[in-house]
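J.: Right, I'll just put the structure down here and ask away after.
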Amino acid sequence: MIENQFQKSDHGHLGQILTYLAGGEDVRTVIWIAESLRDEHRAALEWLNNNTTTDYAFFGVEVEAWRIGESDPAPKFEVVVRPNDWVRHQRQKTRASEMEDYQRRMEYWQAFLDNWPAHDGLSPPARAPNQGWMKLAFTGDSRPPDGGGIYLYRVIAERVVGVYLSVGRRNPDLFQEWSASLNYPSLHGGKWEQNRSGLFQISKTLEADAMVEDDWANQHRWMRERVAEFMEDWRNGLRDEVVRLVDQEQMNMLGE
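Below you can see the structure in the form of structure tokens.
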């Protein structure tokens, strides 16, 4: 329940709050907003916070108009009364939510790893990560000259999962011509992009909600299929194309 009033707080509005509470209304949180809360009314809210069960929460908020430069006045709210353990409780809820997110991410990737078919030249992490992406590293003869790999990821807010092939940090001018010349099945329908770290990658995405555990098997099967497609082309000439690009970059640097 939000109780608004102009000017300083008064007994009348305090009485209305108590009337709502005593009237059987399903009110658990009360926010009293005024230009100024009198000391006795702050004390009343604090008494209610200290003498009711933890199901109830009483807030006192003071509001004033702020203006910056020639802009229109805007309200500024300041919480002056809150339950004693409110901040600590909210922090505990946030930490618990973060721990749950970490755990769910690990469970998601562990479910993928539990059904991971071994690929020559590609190695998964030793254990499931607690982040929104997981790298499958190139190994042995599959390793490119300077990094790269296949990454799996999930974006909860956008409800998509995806797989992308990274070929490392490349010369943008040479890369544009090089990528346009490629014609491998696994690249069809994808789009080359440069991420915020400067790495070039091509990704495939699937509309899917990674929070729905019953759909994990379908999502992971789709991911495994995309990984297999990337790896087939990687072995059948795509890696050699990357090596050719790296060699060209090095030759250009020596010629400068």
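The sequence shown stops at residue 984 when you use my numbering, and every number in between is there.
Quick reminder that beta carbons are idealized off the backbone N, C-alpha and C, glycines included.
(1) Considering only the alpha carbon of each residue, which of 769, 866, 923 and 908 lies closest to residue 959?
(2) Do residue 919 and residue 891 have their C-beta atoms closer together than 8 Å?
(3) Is residue 847 helix, strand or coil by DSSP?
(4) Helix, strand or coil: how does DSSP classify residue 865 here?
(5) Distance, Cα to Cα, residue 883 vs residue 765?
(6) Using the Cα positions of residue 987 and residue 757, report the straight-line distance between them to the nearest angstrom.
(7) On the DSSP bridge list, what partners appear for residue 803?
(8) For a test of the three-state rule: what should DSSP assign to residue 786, helix, strand or coil?
(9) Based on the DSSP secondary-structure assignment, which residues constitute the bridge partners of residue 674?
(10) Mind checking who residue 935 pairs with in its DSSP beta bridge?
(11) What residue range is occupied by the uninterrupted beta strand (DSSP E) comprising residue 910?
(12) As a quick exercise: from 924, 961, 957 and 907, pick the residue whose alpha carbon is nearest that of residue 973.
(13) Buried or exposed: which applies to residue 710, given that a residue is buried once 16 or more other Cβ atoms fall within 10 Å of its Cβ?
(14) Could you spell out where the alpha helix (DSSP H) holding residue 749 opens and where it closes?
(15) Over the uninterrupted alpha helix (DSSP H) stretch that includes residue 915, give me the two end residues.
(16) Helix, strand or coil for residue 940 per DSSP?
(17) Using CA atoms only, rank isn't needed, just tell me which of 899, 961 and 922 is closest to residue 977.
(18) Give the DSSP-derived three-state secondary structure of residue 971 in the structure shown.
(19) Is residue 955 helix, strand or coil by DSSP?
(20) Can you tell me where the alpha helix (DSSP H) holding residue 920 begins and where it ends?
(21) My guess is that residue 893 and residue 929 are in contact by the Cβ rule of under 8 Å, so how many angstroms apart are they, rounded?
(22) Between residue 835 and residue 808, is the Cβ-Cβ spacing less than 8 Å?
(23) Under 6 Å Cβ to Cβ from residue 863, same chain only, skipping five residues before and after it: list those, please.
(24) Near residue 810, which residues of its chain fall below 7 Å by C-beta distance, leaving aside the five closest residues on each side in sequence?
T.: Walking through what the data contain:
(1) 866
(2) In this structure, residue 891 does not lie closer than 8 Å to residue 919 by Cβ.
(3) Of the three classes helix, strand and coil, the one that applies to residue 847 here is strand, per DSSP.
(4) strand
(5) Their backbone Cα atoms lie some 45 Å apart in a straight line.
(6) This structure cannot settle anything about residue 987, because the visible part of the chain is limited to 729 through 984.
(7) Bridge partners of residue 803 according to DSSP: 793.
(8) strand
(9) Any question about residue 674 goes unanswered here, given that the chain covers just 729 to 984.
(10) For residue 935, which the question treats as bridged, DSSP gives the partners 888.
(11) From DSSP, residue 910 is part of no beta strand (DSSP E); its letter is neither H nor E.
(12) 907
(13) Because the chain in this structure spans residues 729 to 984, residue 710 falls outside the shown range and cannot be described.
(14) 739 to 750
(15) Counting along the chain, residue 915 falls outside any alpha helix (DSSP H), and DSSP gives it neither H nor E.
(16) coil
(17) 899
(18) helix
(19) helix
(20) Premise fails: residue 920 lies in the beta strand (DSSP E), 919 to 922, not in any alpha helix (DSSP H).
(21) 6 Å
(22) no
(23) Annotation for residue 863: 877 and 879 place their beta carbon closer than 6 Å to its own, counting only its chain and skipping 5 residues before and after.
(24) 787
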